[in-house]
Every structure is written in structure tokens, then in C-alpha cells.
Amino acid sequence: MIAAIILVCSVAFLLQFFVSYCRSLIGAYARHSLSSEVQDVTGITRAASGDDFARIMQLLQLCPERPEDRNELQAIRAYFNLLNFLRATFARLAPPLRAWTDSERGQCAWFAAVSLERRIAFSRDMLTQQIMDA
Amino acid sequence: MPGPVDSIIWFLGIALSLVVVVCSLWRKTFRRYFFLNLYMLLSVLVSLVRLRIFAHYGQSSTQYWYFYFYSDALMTIAQYFALISLYIHVFQEMRVEKYLRLGAVLLLGGTALFSYAVVSQSANRMLTDVVFELSQNLYFVGLVLTYVLWGAIFKMRETRALLVQLVLSLGVYFGANAASYAISNLRPDMFSHLRYLIPLIGCFLPFAWAYAFWRVPEEARLEPARLAVIPPAVQR
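For the protein sequence lines, the chains are A and C, in the order given.
Counting with this note's numbering, you get residues 399 to 532 for the letters of the first sequence.
Counting with this note's numbering, you get residues 1247 to 1482 for the letters of the second sequence.
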């Protein structure tokens, strides 16, 4: 009985901490504005939608990988999948939860778009470096 | 000898723990977060001894399991001290260190007594059951304490991003461990299925702390209200 109570409470607390942890990772990117170039590529102007996430992740795979953001992107992808799960299950019963998951999915897409911008800048720097070395 | 997966997880955990200490030294925060670093160094030591016992006696040996559960309980106690040091950081302006330490010792003693009382009700259970029960309860109390600390961070409008990330990752770690121990306690046959999960959870904490020390500058700030699962407007 005690173990069952501990299990239920632990899962509830774990989810809260995990969501807050992912938001703390996204937080630094939320205030970052996108360049007009990335806005054109992604089609995102002011606010991103969760539906853009998969497309931006595909665009990210086209760019050379930056070692700095690999782990962050994996964490955000896990968070996005968790949000999709919540949206497909509990959010059907509670409309405010659906609005919240939609907003969070949009934040994930924004995070991916900012990462895309950084990868493009990184690729440019690499190319410039190679030209200078040649 | 441990299998390739065991070895990889083991060395990953050891390497990540060492990375935490190196990053902390590099960022010149070693003394500031001394108990967190001490815990990481202890976990390296325990992992090396576990590896030695595993290689010498094998995974199914009594020696290994006794050492595993006892060292796990001792490591959780070390984590308590790391957690209390985070409390001291959050409450440093209130100068309540003495009361926090006293509270932590009382809580620790209370949890040990409670675990003993639960196990002693069935006389046929082994001493390892006491340690298993103790680990589950210690992780859960650690989780509740971390949650209380997270509440205090909200209430006191603590904005240090590094501190917030350290606390949140500790919460994820305690939560995942308490849940996996509770599952194993409910269904002992499941413990063998969680064989890789528990050490992997163990790797998460040094990974998240290493990331925090490496990437988050001490002067970085964020608003904890923005991280709430339920936005403040809904909480009212």
C-alpha cells in the first residue's frame, strides 16, 4: 500500500520536475528573435505552432550538427513527445490542458527554430574558416 | 565480468561524475557547491568498488547485492547533504542553516526508523529488505524535500538559473528513482527488468549537473514562474 502511494506521488512529482526542467532549457531561447532568413525558411514569423516542430527538426538534420545543442535537442524532443501524449490522452478531457500543451508545443518548435538559426550561423562560420584556410 | 552494456553504463556514470567536478572547478564554483561535488566524488568511489565486487564475485552474489543496497542507502544520505546545501543557498539571506541541518538529521533518523518499523512487521524478511525499503523511502523523502525546495524557490522568487537547474534535475532524479524502487517493491519480479533503467537514471544526475555547470553561467537569471507546470494565473 505504501509502495503504491509512493509510486503514484513519485510519478506526479517526476512529471512536474521534468516539465519544469525542459522549460528551463527552453527558457533561454524563448526571448531570442528569429532572423528574416530563418523566418522565410521555416514560415514562422511571430509565434511557432507545435505542428511546425517535425518540419523544423527535418531542416535541422540537413545542417551540420553543433555539439553544443545535441543534448538539448534530444531533451526537447522527449518533452515534445510527452506533450503529444498528454494532448492525445488527458487533454481530450480538459480543454485548458489542451491549450497549455499547444502553447508548450509551440515553444518547442520555437526552440528548434532558434537551434536551426544557430546551426546555419555555425555552418557559415565553418565555411568562412575553410575559405580562409585554403 | 560485467557485460558490455553494464560496463558502458558504469563508465558513463563515472565519467559524467568526474566531468561535474572538473566543470565545477573550471567555473570556480567547487567550493560554493562543495557538497554536490563531494557527492559526485563519493559516487565515483562507490562505482569503482561496485565494479570491483561485480567483477570478483559476480552479479548474483550476496556480496554484490549487500554492497549494492547498503552503498545505495549511504549514497542517498550523501544526497541529503547535497540537497540541504541547496536549501542553504536558497535560504542564505535568512540565516537558518542551523535549523535546516537539525531538521535534516531528524528527518533522516525518522525515515530510517519508519523503514525499520515497516520491515520488522514481517519477521521472515531479510536484512536487505530493510535496506531496499529504506532506499525507496529515502528517495521519496528526498523527492518531497526537493519539491518543498522548489516551492520555496517560487515563493522567494529565486532567479539564479544555475541553482534552479540543479534543483530541478535533482527532482527528476529523486522522482525517477523513487518510482522505480516503488515498482520493484510492488512487483519484485520487475527488478530484473529495471536492471539497466536504475543505473541509467543514476547517469542522468551527473549529466544534468555537468550540463548546468558547463553551460549555465552563475550570473544567468530566469523567472521560476515561467517554468511552472500550472501557470500562476491558473494557480490562483
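Virtual Cβ for every residue (Gly too), placed ideally from N, Cα, C.
Practice task
Could you confirm whether any beta carbon from chain A is found closer than 9 Å to the beta carbon of Arg1406(C)?
Solution key: As a first step, residue 1406(C) is located in the second sequence; it is residue number 160 there, counting from the start. So, not an interface residue.
Practice task
At 7 Å on the CB atoms, spell out the chain C contacts of Ala402(A), in chain order.
Solution key: Reading the first sequence from its first residue, position 4 is the one you call residue 402(A). Chain C residues near Ala402(A): Leu1432.
Handout entry: Outcome for Tyr1345(C) when other beta-carbon atoms lying within 10 angstroms are tallied against a minimum of 16
Key = Here residue 1345(C) refers to the residue found at position 99 when the second sequence is read from its first residue. When all chains shown are included, Tyr1345(C) counts as exposed.
Exercise for the section: Indicate the three-state DSSP secondary structure (helix, strand or coil) for Arg516(A) in the structure shown. Expected result: Numbered from 1 along the first sequence, position 118 holds the residue referred to as residue 516(A). Arg516(A): helix per DSSP, three-state reduction.
Practice task
Compute the distance between the beta-carbons of Phe411(A) and Phe1420(C), then report whether it is under 9 Å.
Solution key: Start at 1 with the first residue of the first sequence, and residue 411(A) comes out as number 13. Start at 1 with the first residue of the second sequence, and residue 1420(C) comes out as number 174. Their beta carbons are under 9 Å apart, which means Phe411(A) touches Phe1420(C) by this criterion.
Problem - Cross-strand partners of Arg503(A) (DSSP beta bridge) - result: Counting from 1 along the first sequence, the entry for residue 503(A) is found at position 105. DSSP output for Arg503(A) lists no bridge partner at all.
Practice task
Give me whichever residues DSSP pairs with Arg444(A) in a beta bridge.
Solution key: In the first sequence, counting from the first residue as 1, residue 444(A) sits at position 46. Arg444(A) pairs with nothing; no bridge assigned.
Practice task
For Arg1433(C), name the three-state secondary structure that DSSP assigns.
Solution key: Within the second sequence, numbered from 1, the residue matching residue 1433(C) stands at position 187. Here Arg1433(C) sits in coil by DSSP.
Practice task
From the DSSP output, in three-state form, read off Arg1277(C) for me.
Solution key: For the purposes of this step, residue 1277(C) is taken as the residue at position 31 of the second sequence. Coil at Arg1277(C), not helix or strand.
Problem - Bounding residues of the alpha helix (DSSP H) (the contiguous stretch that carries His1335(C)) - result: Residue numbering aside, residue 1335(C) sits at position 89 when the second sequence is read from its first letter. Element bounds for His1335(C): Thr1308 to Val1336.
Exercise for the section: At 7 Å on the CB atoms, spell out the chain A contacts of Ala1424(C), in chain order. Expected result: Start at 1 with the first residue of the second sequence, and residue 1424(C) comes out as number 178. Within 7 Å Cβ-Cβ: Ile404 and Ser408.
Handout entry: Burial state of Phe1386(C), where buried means 16 or more other Cβ atoms lie within 10 Å
Key = Within the second sequence, the letter at position 140 stands for residue 1386(C). With 16 or more Cβ atoms within 10 Å of its Cβ, Phe1386(C) is classed as buried.
Practice task
Evaluate contact between the segment 1444 to 1452 of chain C and the segment 443 to 455 of chain A, counting only Cβ atoms and requiring at least three cross-stretch pairs below 8 Å.
Solution key: no
Exercise for the section: Establish whether the CB of Arg1403(C) and some CB of chain A are separated by less than 9 Å. Expected result: In the second sequence, counting from the first residue as 1, residue 1403(C) sits at position 157. No, Arg1403(C) does not count as interfacial toward chain A.
Practice task
Tell me where the alpha helix (DSSP H) around Cys1269(C) begins and ends.
Solution key: The sequence position of residue 1269(C) within the second sequence is 23, counting from 1. First-last of the alpha helix (DSSP H) with Cys1269(C): Pro1250 to Trp1272.
Exercise for the section: May I ask you to verify whether the segment 1256 to 1263 of chain C touches the segment 516 to 528 of chain A, counting CB pairs closer than 8 Å and requiring at least 3? Expected result: no
Problem - Under 9 Å from the C-beta of Gly1417(C): neighbouring residues of chain A - result: Taking the first residue of the second sequence as 1, we reach residue 1417(C) at position 171. Simply Phe411, Leu412, Gln414, Phe415, Phe416, Ser418 and Tyr419.
Exercise for the section: Please specify which runs of the alpha helix (DSSP H), each continuous and at least 4 residues long, are wholly inside the segment 1374 to 1414 of chain C, giving them in chain order. Expected result: none
Practice task
Can you have a look at Ser431(A) and say buried or exposed, based on whether 16 or more other CB atoms are within 10 angstroms of its CB?
Solution key: Numbered from its first residue, the first sequence carries residue 431(A) at position 33. Label assigned to Ser431(A): exposed.
Handout entry: Validate contact between the segment 495 to 511 of chain A and the segment 437 to 446 of chain A using beta carbons, cut 8 Å, 3 pairs
Key = yes
Exercise for the section: Answer with buried or exposed for Thr487(A), where buried requires no fewer than 16 other C-beta atoms within 10 angstroms of its C-beta. Expected result: Taking the first residue of the first sequence as 1, we reach residue 487(A) at position 89. Thr487(A) comes out exposed.
Handout entry: Near-chain A residues of the segment 1373 to 1402 of chain C - C-beta to any C-beta below 7 Å
Key = Gln1382, Phe1386, Leu1389 and Tyr1393
Exercise for the section: Please classify Arg1467(C): does DSSP put it in a helix, a strand, or coil? Expected result: Reading the second sequence from its first residue, position 221 is the one you call residue 1467(C). Of the three classes helix, strand and coil, the one that applies to Arg1467(C) here is strand, per DSSP.
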